[in-house]
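> Numbering (this note's numbering), first residue to last: 117 to 493. For glycine and all other residues, C-beta sits at the position ideal for the given N, C-alpha and C.
This is the structure in structure tokens:
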């Protein structure tokens, strides 16, 4: 590459890195404990003991669970039902209206076999860290802003790779030049660790960006496929007496017998239409358990309207969420994710150090470092 081309790529790498570094450091630091969120939550909030019953004890119908939820939170309407992955527990989320803010929702838990009330999940320090990681405690637009920072981070990675090729033209891969200036040593470490973490940082950066656009991506799905399903049949007005939720689950499960329920969304909430029970089924393998198949049952008549796979962009979003935290391969993968997270913190910190210790003109010295492999530093 010519000096002019190198200078252009250097400026791209410099400014994209500087703009996003502070936010990326925050995301890496908060993301480190979130990799082990399940383990930390289990340690800080151990699960409440459950009644010992014979193996194979059947679960109560969901309609019976909903009656208990109505008695526990009088005046509320059900919004979601979800199912515990490890224990026979059914979670019911209720609220005054279908569009109630999450802070005003009530979260209830029941033993699926007996209907006994279980202690609900109490958000603790990990919930605070997750919110800080997601939107800095500032809401939707802060989440979108962090998504833009993720895009800048990816551009910084690409431009760093472009600059690495001419920089290493005169050096063996992985060379750490000793006995030279402290800044030159950090330059070598920054470049080496940047290449080592290249694939991981790209995956986490892209998946993190996708995760920040959950709301607009879901709205696109609602405005297209979900709207078509809702408009495909003549609707009986919803009254106080609605179709059986258990029957709705059974109807969808007959269409997907090799899957199990993940959650049920009630009419009017984000993941459903104004008329349907939206029953979301999941696979039974580590990969397919992240992909959801929704079935839509008319809440007034109990008619199964559709069992339709989600479009590719919704599936990509569902896969991105657990991949971002390494939640696919058990504890070993989480440890790998944590190691790369720490290395990325070093890359970001060393890049900031190199900028603060820069010498010479605004960019000519840095271009010389790339062309001469740092020999003038």
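Could you name the residues of the same chain whose beta carbon sits closer than 7 Å to that of residue 272, not counting the 5 residues immediately before and after it, in chain order?
Hits under 7 Å: 129, 132, 133 and 136.
> Buried or exposed for residue 389, please, with buried defined as at least 16 other CB atoms from any protein chain shown within 10 angstroms of its CB.
That one is buried.
> Within this structure, are the beta carbons of residue 266 and residue 160 separated by less than 7 Å?
No.
> What number of angstroms, rounded off, separates the C-alpha of residue 308 from the C-alpha of residue 150?
Using only the alpha carbons, I get a separation of about 26 Å.
> Going by C-alpha to C-alpha distance, which of 120, 231, 243 and 178 sits closest to residue 154?
Comparing Cα-Cα distances from residue 154 to each of 120, 231, 243 and 178, the minimum goes to 243.
> Quick check: what's the CA-CA separation for residue 395 versus residue 456?
In a straight line, the C-alpha of residue 395 is about 37 Å away from that of residue 456.
> Could you tell me which uninterrupted alpha helix (DSSP H) segments, each at least 4 residues in length, are contained entirely in the stretch 138-165, listed from first to last along the chain?
Runs of the alpha helix (DSSP H) inside the stretch 138-165: 153-160.
> Can you give the Cα-Cα distance for residue 143 and residue 281, rounded to whole angstroms?
For residue 143 and residue 281, the distance between alpha carbons rounds to 28 Å.
> Taking just the CA atoms, how far does residue 202 sit from residue 145?
Roughly 29 Å between the two C-alpha positions.
> Taking 7 Å as the threshold (C-beta atoms), are residue 405 and residue 306 in contact?
The answer is no: Cβ separation not under 7 Å.
> In the DSSP assignment, find the unbroken beta strand (DSSP E) run with residue 318 in it and report its ends.
It is not in any beta strand (DSSP E) - residue 318 instead sits in the alpha helix (DSSP H) that spans 314-328.
> Give a yes or no on whether the C-beta atoms belonging to residue 368 and residue 411 are separated by under 7 Å.
It is a contact, given that the beta carbons lie within the stated cut-off.
> Tell me which residue opens and which closes the beta strand (DSSP E) that residue 414 is part of.
Where residue 414 is concerned, the enclosing beta strand (DSSP E) stretches over 408-414.
> Kindly confirm or deny that the stretch 190-200 and the stretch 209-229 touch, where touching means at least three C-beta pairs closer than 8 Å.
Because the criterion of three Cβ pairs below 8 Å is met, the stretch 190-200 and the stretch 209-229 touch.
> Start and end of the alpha helix (DSSP H) containing residue 460?
Segment 446-472, the alpha helix (DSSP H) holding residue 460.
> State yes or no: is the beta carbon of residue 388 nearer than 7 Å to at least one beta carbon in chain C?
Absent from the structure is chain C; it holds one protein chain and no more.
> Let me know if residue 126 comes out buried or exposed under the rule of 16 or more other beta-carbons within 10 Å of its beta-carbon.
Burial call: buried.
> Give me the residue from 123, 207 and 236 with the minimum Cα distance to residue 164.
If we check each option's Cα against that of residue 164, 236 comes out closest.
> Would you kindly work out how many angstroms separate the C-alpha atoms of residue 254 and residue 168, rounded to a whole number?
Rounded to whole angstroms, residue 254 to residue 168 spans 44 Å at the Cα level.
> Compare the Cα-Cα distances from residue 342 to each of 192, 173, 386 and 179 and report the closest residue.
Checking every option, the nearest Cα to that of residue 342 belongs to 386.
> Label residue 200 either buried or exposed according to how many other C-beta atoms from any shown protein chain fall within 10 Å of its C-beta, with 16 as the threshold for buried.
Per the 10 Å Cβ criterion, exposed.
> Starting from residue 241 and walking both ways along the alpha helix (DSSP H), at which residues does that stretch end?
Start and end: 241-251.
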